Amino acid sequence: MNDNYKKLIGIPDEHDLRQVSMEWKGSRKGQDVDLYIFEEINKNGDIVGKYEVKSSTSIYPPFKTNLSYSKM
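In my numbering, the protein residues as written are 40 to 111.
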């Protein structure tokens, strides 16, 4: 799953994403919302960025998922 988030954010291939937290925001207005916090790690092991990824999935068919992110 991290590969999808790397593509979404535009992280270079030589960097990695490390998930540091996840919070379920609950269901509201037909959407199930999860928030993930990721740290971008360079090849030397240094933290070079931090991102919040929001995953919002419809609880009704066709269960479409929308992903968005913001840099922290």
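Ideal Cβ placement from N, Cα and C applies to all residues, glycine included.
Note that the structure is a prediction, hence the values are computed from the model and not measured.
- Does DSSP put Asn-41 in a helix, a strand or coil? helix
- Query: Who are the near neighbours of Ser-66 in its chain, counting only those whose CB is closer than 7 Å to its CB and skipping five residues on each side?
  - Reply: Ile-98
- Can you name the residues that DSSP bridges to Gly-69? In DSSP, Gly-69 forms no bridge with anything.
- Kindly list the residues whose CB is nearer than 6 Å to the CB of Gly-88, restricted to its own chain and excluding five residues on each side of it in sequence; keep chain order. Glu-79
- Task: Would you give the residue range spanned by the beta strand (DSSP E) that Ile-86 belongs to?
- Result: 86-97
- Message: Could you tell me the alpha carbon to alpha carbon distance between Leu-106 and Glu-53, rounded to whole angstroms?
- Response: 23 Å
- Chain-order list of residues whose beta-carbon lies under 6 Å from that of Asp-55 (same chain, five-residue window excluded): Ile-80
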